[in-house]
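Input: a single structure, listed below in structure tokens.
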Amino acid sequence: APFPIIMNGPVQRGFGRGGKELGCPTANLPEESLPAMSSVTSLGVYYGYAQVIFPPSSPSTPSTSTLAPPPSSASTPPPSSSDPASSDPTNPPPAPPSNPIPSADRAVQPMVMSLGKNPFYKNEHLSAEIHIMHTFSNDFYGREMRVVVLGYIRPELDYTSRDDLINDIEIDKHVAVRCMQRPAYGVFHDRETFDALF
Ligand code: ADP
Ligand code: MG
Numbered sequence: 208a209p210f211p212i213i214m215n216g217p218v219q220r221g222f223g224r225g226g227k228e229l230g231c232p233t234a235n236l237p238e239e240s241l242p243a244m245s246s247v248t249s250l251g252v253y254y255g256y257a258q259v260i261f262p263p264s265s266p267s268t269p270s271t272s273t274l275a276p277p278p279s280s281a282s283t284p285p286p287s288s289s290d291p292a293s294s295d296p297t298n299p300p301p302a303p304p305s306n307p308i309p310s311a312d313r314a315v316q317p318m319v320m321s322l323g324k325n326p327f328y329k330n331e332h333l334s335a336e337i338h339i340m341h342t343f344s345n346d347f348y349g350r351e352m353r354v355v356v357l358g359y360i361r362p363e364l365d366y367t368s369r370d371d372l373i374n375d376i377e378i379d380k381h382v383a384v385r386c387m388q389r390p391a392y393g394v395f396h397d398r399e400t401f402d403a404l405f
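Residues are numbered in the working numbering as their position in the sequence shown, beginning at 1, plus a constant of 207.
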């Protein structure tokens with residue numbers, strides 16, 4: 208078996224085929240990242256794990272700590288953690304990082320991938336569209352994405368109705384999650400094992 212198949216590269220814009228409108232945004236890797244997939248012969252839907260790489264968080268605010276800034280001095284009472292806006296406006300706490308990345312956005316997450324032909328190249332080249340089963344705080348175009356493909360779910364199908372397509376995507380997600388509950392796949396969810404693949 209060719210699995211696991213390892214891929215990585217910067218996330219590119221897709222073809223505007225409405226992934227988000229279908230409730231299923233799909234992140235695309237560039238052509239250069241796809242040769243590993245030529246070891247499989249079937250177009251269709253695959254499952255595995257993916258991770259998006261964000262810049263390291265600032266050392267003073269590790270992602271595991273609370274987002275509340277530390278008190279600026281001993282004479283200043285700490286701001287109420289339940290309502291930071293109520294703190295003394297004449298002595299505001301230091302501004303938090305402008306765009307803190309939730310630690311779950313950095314985590315290894317389950318994914319489903321549609322492997323098809325790329326219409327931009329007159330269907331002569333492969334395209335891989337990856338839906339990560341996690342709600343991200345922002346889009347991540349341009350970010351490095353790492354992908355471990357573990358198995359095949361089903362062939363490509365033509366849909367006459369949008370509802371049928373949306374339904375099948377939901378089934379694919381459930382199948383993927385169930386497949387990855389196999390104990391043997393647990394190692395790939397482990398951060399150090401995952402990191403070692405790249
Ligand atoms: P495009 O045609 O550019 O691929 P989509 O509607 O398919 O547009 O949205 C894909 C983009 O959405 C990704 O490139 C990524 O930046 C963002 N995105 C947000 N959440 C996810 C997610 N859970 N899985 C994949 N992409 C996501
Ligand atoms: Mg897409």
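By construction, the Cβ of each residue, glycine as well, lies at the ideal position given by its N, Cα and C atoms.
Keep in mind that this is a model prediction, so the values were computed, not measured.
query = To the nearest whole angstrom, what separates the beta carbons of residue 326 and residue 249, a pair I think is in contact under 8 Å?
reply = The count along the sequence shown starts at 1 and reaches residue 326 at position 119. The count along the sequence shown starts at 1 and reaches residue 249 at position 42. Not confirmed; about 19 Å, so no contact.
message = Buried or exposed, going by whether 16 or more other CB atoms sit within 10 Å of the CB of residue 317?
response = As a working mapping, residue 317 is identified with position 110 in the sequence shown. The residue is buried, with at least 16 neighbouring Cβ atoms inside 10 Å.
Unbroken beta strand (DSSP E) run spanning residue 321, endpoints = Looking up residue 321 in the sequence shown gives position 114. Residue 321 -> beta strand (DSSP E) spans 316-324.
Identity of the residue in 382, 264, 299 and 320 nearest residue 353 by Cα = Start at 1 with the first residue of the sequence shown, and residue 353 comes out as number 146. Considering only alpha carbons, the answer is 320.
Given residue 386 as reference, the closest of 300, 323, 359 and 369 once Cα atoms are compared = Here residue 386 corresponds to residue number 179 of the sequence shown, with the count starting at 1. Closest option to residue 386, Cα to Cα, is 359.
query = Contact check, residue 347 vs residue 313 under 8 Å by CB: the rounded distance?
reply = If you number the sequence shown from 1, residue 347 lands on position 140. If you number the sequence shown from 1, residue 313 lands on position 106. So it is not a contact: roughly 11 Å between Cβ atoms.
task = Could you name the residues of the same chain whose beta carbon sits closer than 7 Å to that of residue 371, not counting the 5 residues immediately before and after it, in chain order?
result = Position 164 of the sequence shown holds residue 371. Cβ neighbours of residue 371 beyond the five flanking positions: none.
key: Every unbroken alpha helix (DSSP H) inside the segment 343-381 [4 residues or more]   = none
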